[in-house]
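Reviewing the structure listed below.
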Amino acid sequence: MKCTDYSSMIPSSPMSICSVCIEEYTKLYGPATVRMVSNSGPPLPMPMQVAPGHMVQQIVDEHGILTNVILAPQMPGMPPGSPMTVRCYGGPNNAAQYYSPFNSHYQTQPHPQYNPPHHHGHHAGPAHLHPGVPSSPHMHGPPPSHSCNNLTPSVLPTGPSPPLNSEERIRQRSWYKKCRKTEEGNYYRQPPRRNKNNKTNNNSVNISVNGDIHHQNNMANTPTAASTTENGAELEVERKFFQQMSNIPEPKVKEVEPRSASLIMAPPDFDQSEFEMSTVHVELQLSEKGRDKYRTVYSGPFQEITLKNLKPATEYSLRACSRFEELKGSMTEPVVFKTLCCVPDQPQHPKLANKTKNSLLLKWNAACENGSKISTYSLEYDKGLNNGEFYEVYSGLVKQHRVNYLQAGTKYTFRLAAINSIGKSLFSELTSYCTSGTVPPQPDPPTIATSQINSLNLSWLKRQSDETFTLQMEDETTGHGFLVVYNGPNCSYKVPNLQRNTDYRFRLSAKNEEGPSKWSEIVTYQTLPGPPGIPSKVQVKGKIHAHHFKVTWDPPKDTGGTKVFNYHVEMDDGEGFRNIYNGAELECSCDGLIPGGTYNVHVACSGPGGKSDFSDSISVTTPAVIPGQSQPPKLQGKPKATSLHLRWGPPVTDGGSPITEYIVQMVSPDNTTREVYKGRDTDCVVAGLLPGRPYLFQVKCSNKIGAGPWSESCEVVSGPGVPDAPKCPTVNWKSPHCIQLSWEKPVNNGATITDYRLEWQQKTNLDFTQLYVGPQRKYEIKNLLPATNYSFKVSAINSAGAGPFSSVCRCQTQPSSPAAVVHCKVQTTATDALLKWEEPHNNGSEILSYNIDTGDKQLINITDATEYRLEHLSPDTVYRIRIQAVNAIGPGAFSFAIKVITKSLPPAPPSLECVSAAPNSLKLKWGDGRNPDLIQYQLEINRDDKHFQTVYYGSAHAYKVNRLSELTSYDFRIFAINDAGCGEYSNLYKFSTTKAPPPPLRAPKVSEITVNSCQVEWQGCKSMGADSVIYQLQILCITRGEHEYKSVYRGTETSFSIQNLTPKCDYQIRVSAIRICADGLPDVPGSYSSGNLFSTLAPEPVKPVESRPPSMMKLAKPKALTDQQISLLLLIGFGVLAIVVTWLTQYILSGEG
1 MKCTDYSSMI PSSPMSICSV CIEEYTKLYG PATVRMVSNS GPPLPMPMQV APGHMVQQIV
61 DEHGILTNVI LAPQMPGMPP GSPMTVRCYG GPNNAAQYYS PFNSHYQTQP HPQYNPPHHH
121 GHHAGPAHLH PGVPSSPHMH GPPPSHSCNN LTPSVLPTGP SPPLNSEERI RQRSWYKKCR
181 KTEEGNYYRQ PPRRNKNNKT NNNSVNISVN GDIHHQNNMA NTPTAASTTE NGAELEVERK
241 FFQQMSNIPE PKVKEVEPRS ASLIMAPPDF DQSEFEMSTV HVELQLSEKG RDKYRTVYSG
301 PFQEITLKNL KPATEYSLRA CSRFEELKGS MTEPVVFKTL CCVPDQPQHP KLANKTKNSL
361 LLKWNAACEN GSKISTYSLE YDKGLNNGEF YEVYSGLVKQ HRVNYLQAGT KYTFRLAAIN
421 SIGKSLFSEL TSYCTSGTVP PQPDPPTIAT SQINSLNLSW LKRQSDETFT LQMEDETTGH
481 GFLVVYNGPN CSYKVPNLQR NTDYRFRLSA KNEEGPSKWS EIVTYQTLPG PPGIPSKVQV
541 KGKIHAHHFK VTWDPPKDTG GTKVFNYHVE MDDGEGFRNI YNGAELECSC DGLIPGGTYN
601 VHVACSGPGG KSDFSDSISV TTPAVIPGQS QPPKLQGKPK ATSLHLRWGP PVTDGGSPIT
661 EYIVQMVSPD NTTREVYKGR DTDCVVAGLL PGRPYLFQVK CSNKIGAGPW SESCEVVSGP
721 GVPDAPKCPT VNWKSPHCIQ LSWEKPVNNG ATITDYRLEW QQKTNLDFTQ LYVGPQRKYE
781 IKNLLPATNY SFKVSAINSA GAGPFSSVCR CQTQPSSPAA VVHCKVQTTA TDALLKWEEP
841 HNNGSEILSY NIDTGDKQLI NITDATEYRL EHLSPDTVYR IRIQAVNAIG PGAFSFAIKV
901 ITKSLPPAPP SLECVSAAPN SLKLKWGDGR NPDLIQYQLE INRDDKHFQT VYYGSAHAYK
961 VNRLSELTSY DFRIFAINDA GCGEYSNLYK FSTTKAPPPP LRAPKVSEIT VNSCQVEWQG
1021 CKSMGADSVI YQLQILCITR GEHEYKSVYR GTETSFSIQN LTPKCDYQIR VSAIRICADG
1081 LPDVPGSYSS GNLFSTLAPE PVKPVESRPP SMMKLAKPKA LTDQQISLLL LIGFGVLAIV
1141 VTWLTQYILS GEG
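Using the numbering used here, read the sequence shown as starting at 1 and increasing by one per residue.
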């Protein structure tokens, strides 16, 4: 079968046709699947034409995208024009759905059981349908409730796996494709999204059979057909991934507290080469004992987790599962743990059950025990002192208590705590109760805090026996007597809705549980008066003048209950309102005004009750007048020879009307007058003047009323003209580096020439720059370059300015000796130095040779070269070298002295010495430990008598060589390195390692402990080559306070029986291995093992002997003496012998005397 490129098969309209051609020589043995690949956009269902006897099925995924076109022979028994059915996966809660077109000539019937038809003798069904799922065109069902989420595989894999339509299988298929890696390292991508342009009419599939086109709807849930081999491998990977996800270890509870528990979650063991599981998380579920419902308490990465807010003494069940996005593995077996007990919870505060004048009966509820039974309740109170100190008044298990011996009418504060075997709980919240008392005494009358216009703020004192207060008020204007205005526990009250400037009478009564007190004395308080109203009829009185006018007004209708004392007048002149009058009169005069100005005026009044608001403003405009005298004009800048610039300011006052124009008048030297300017600007340029002549100028201004007076006169003298250009300067050569220029005086044009400006040009491509400014007519130029062209020009300057420049004068300086050498580079070694320099400027004459000065009396002369090597120099020596160029004129100047330092010779090698030797290492040292010159050292070793290897490179003076063999000799050599290079190798040094000690042994084991003996065993070690190993056992008596071990055994055995121990004493034993050298070298002892403590048994007590007849008594066997007894007897014997010898000696000496 052939199909054109799919990019050309995308229909441009709903009636476009895609052609699928089958050639005559093609043999079809079953359905063929054509995968449509789009390179430009998502494919759409399209009508197709096929050969007679065949049918086409188009597969559209859940996003409305055409994924497959299936061409197959028409099924036997199928009427012409009947399409094949399309199988769709309907979701986790729906069975497989089958759809057929709703044509009038072909009706479908539901079949609950149907065997798949055989298209051919050797085919059991279409290759893209599951063998166990019906493929009859007559099977159908209701449309699915939602679209398919995945493509249904064609062939189920072998082995255990979830059912085809189970919820677990659907989740696997939905997310395994995201986890599985391809061979290139990429992941499967999710199916593409539905095309936004296909929302309503693009869900139909066009099926062509025998040339007829039929439309089939609801095809958005049709799965993609795939090959059996590919889907089988994919399902095997899915099954393997789910098994690894479910292989998660149980949670390990690490630490349990009363209200928290710490646990460790280990991730499942995944095959990292096949799956990428960096985003796999764990989900923990917790359940209390007696509750079957689990709740999720954690979902996140695998780590150490702490569960908080647990209940004390409660048994919990914990289980976990691994999770990848929406996919979950199997749950682990529940892990049961129980939280610890703790102190009881904070109890509720005690409640009052009954009270008398000297007792309070309190009750409370039981607190939560938290796993340990409450043993005591502790009730405390503050003894009515209210100072924050509490005292225990009850301790017991009963949940009520009567507190006696209290004072009447007193408030007491209580708190309660519960105690169990773990400890004491927090105290309850504080609660206060009062004992019964007497009726409160007569209170003091209320006092006034603040008085306002419509309210009074009253306050009073609260005594210990007072609980609530009743405040009554009498308004004499109403005639109703005293009425209650407040009843409550507060000590202050604001009486609202009162009349202004009115007297009110008040009285107060206190009340508690025993009853009310007597009324206090009656007090009278008055409200404040109110502010007056706004003055009315504010208006102008009489004529408005240019500089003043008069304002009048009427009193306010509402005076606020009192007489109006003052009136306040404010006026706004454009900069805000300001007060201009305060008094009791009903009119005021506004003076000091500006003509033509607009003013706003408003009036307010004030009395004992305050100040009223201002009235509405009235606007008054004063009449305008002619402007005042203008300011005299001033010269702006310097006057020119034929013109000048004048500027003037506005008049002091414009008369209340804007200035319309200015007029400038000029008086010439011949006393003629003329107007030179008329306009609105305040400056002008007067032209047509004669140079150096005096002129007078005046200015005046005018407005709509008329013109003002002339200003004062301003006298100005016109400026002079600039001088003419001088003649070309003349040149006088004095030396190759110096010339003198001179010029003649030009015409000054009416002003004295004050300065001359000389400019020069050093190169033809540069501009002229200023060289000299001054009154002299000659100038000497120094420091010029020899054989160089220069250009000069000059101009004259007077008070009018600078005149034009003269013609350009060009000249060339004489040649000279060469310039000094500037750029020089030096490369040095220990005995020579290479000099390189750039050729200096020859100053008009070619350089012939160079002279080099090295500090010797004779100069070194070289010809036509810019480099030279100095040989036979001393190492580490400083030289100062100068270079001089020579031409036909003569030698030039020497260059600056170049400091040249020859390098030093490489350093000599240091001597090596071995500081310490070990079985596997040698510590070597060289030098004296100081290295101010930062010399580097390289240490080499000869391990196999073939070649040396570098073991250290650096500036240190010691190094430890490791990884050596024991009892082996090694050759070492060393050399030093500095900036001069590498020095010579040192002589060969031979050092040897020592023998290795035996390894440390484990602590010996003690058994068969008796009163004075024990059996000791230890684990031996292997022989070390030809050398044998023996063991040394030591013991230390701790009871007798010994500090040094004593050897009790030395030999090759690994066990020993220790005798003659002291009964009931603590001992510590240790053992070490000793290497016996077969070559006659000293023995090498190993380190001792850790000590092992043991105690000997105590002797059995002597039983009392019963009295028996002599015939029944038997002789007791003599008992052996212990070591301590023998030592005591020997000590007593020696003491007695010493006394006897002393006595005999003294007796003999006394007899001889």
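Note that beta-carbon positions come from the ideal geometry of N, C-alpha and C, so glycine has one too.
Just so it is clear, the structure is predicted and the values come from calculations on it, not from any experiment.
Across the set Val601, Gly560, Ser589, the C-alpha of Val601 shows the shortest separation from the C-alpha of Glu575. For Tyr1045, there is no enclosing beta strand (DSSP E), since its DSSP letter is neither H nor E. In this structure Ser817 is buried. Its beta-carbon is surrounded by 16 or more other beta-carbon atoms within 10 angstroms. A contact is defined here as three or more CB-CB pairs under 8 angstroms, and the region 283-295 fails this definition with respect to the region 370-383.
The beta strand (DSSP E) runs of length 3 or more contained entirely in the region 349-388 are, from start to end of the chain, 351-355, 360-363, 374-381. In the DSSP assignment, Lys946 falls outside any beta strand (DSSP E) and carries neither an H nor an E. With a beta-carbon spacing of about 6 angstroms, Leu593 and His548 fall inside the 8 angstroms limit used to define contacts. About 5 angstroms separates the CB atoms of Arg973 and Ser986; that is less than 8 angstroms, so the two are in contact.
The beta-carbon distance between Pro875 and Lys995, rounded to whole angstroms, is 49 angstroms. This is too long to meet the 8 angstroms contact definition.
The three-state reading of DSSP puts Asp466 in coil, since its state is none of H, G, I, E or B. Burial state of His823 is exposed, judged by a 10 Å Cβ sphere holding fewer than 16 other Cβ atoms. Within the model, the alpha-carbon separation for Tyr937 versus Ser921 is close to 20 angstroms. Note that the C-beta distance between Asn843 and Asn783 is not below 9 angstroms. Looking at Glu315, Cys321, Ala313, Val297, the one whose alpha-carbon comes closest to that of Gln244 is Cys321. A Cβ-Cβ separation of about 6 angstroms places Ile705 in contact with Gly655 under the 8 angstroms criterion.
Counting along the chain, the unbroken beta strand (DSSP E) around Asp683 starts and ends at 683-687. Straight-line measurement puts the Cα of His349 at about 14 angstroms from the Cα of Leu360. In this structure Val686 touches Ser643 by the C-beta definition: roughly 6 angstroms separates them, less than 8 angstroms. Annotated as distal: Cys1014 and Arg1040, with beta-carbon spacing of 9 angstroms or more. Distance from the CA of Thr730 to the CA of Asp755, rounded to the nearest whole angstrom, comes to 18 angstroms. The shortest CA-to-CA distance from Leu307 to any of Val256, Gly437, Ile883 is the one to Val256. Taken in chain order, the unbroken stretches of beta strand (DSSP E) that lie wholly in the region 751-825 and span 3 residues or more are 755-761, 769-774, 778-781, 789-798, 809-812. By alpha-carbon distance to Lys411, the top candidate from Leu352, Gly423, Leu461 is Leu352. Looking at the backbone, the Cα of Val620 and that of Ser657 are separated by about 16 angstroms. Judged by DSSP secondary structure, Asn861 falls within the beta strand (DSSP E) whose first and last residues are 860-863. Residue state for Thr828 is assigned as strand, using DSSP reduced to three classes. Secondary structure at Gly890: coil, using DSSP grouped into helix, strand and coil.
Of the candidates Pro446, Glu476, Val667, Gly1091, Pro446 places its Cα closest to the Cα of Lys462. For a cut-off of 8 angstroms, the C-beta gap from Val664 to Gly628 is around 17 angstroms, too long to register as a contact. Of the other Cβ atoms in all chains shown, 16 or more fall within 10 Å of the Cβ of Tyr525; this residue is therefore buried.
Between Asp856 and Tyr879, the alpha-carbon positions lie close to 11 angstroms from each other. Contact holds between the region 403-418 and the region 379-389, because three or more Cβ pairs, one in each stretch, are under 8 angstroms apart. Nearest neighbour of Asn582 by Cα position, chosen from Cys605, Tyr599, Thr598, Gly561, turns out to be Cys605. The residues Gln472, Glu474, in chain order, have a CB closer than 6 angstroms to that of Phe482 in the same chain once the five nearest residues on each side in sequence are set aside. The Cβ-Cβ distance between Leu988 and Val961 does not fall below 9 angstroms.
About 17 angstroms separates the Cβ atoms of Pro804 and Ser791, ruling out a contact at the 8 angstroms cut-off.
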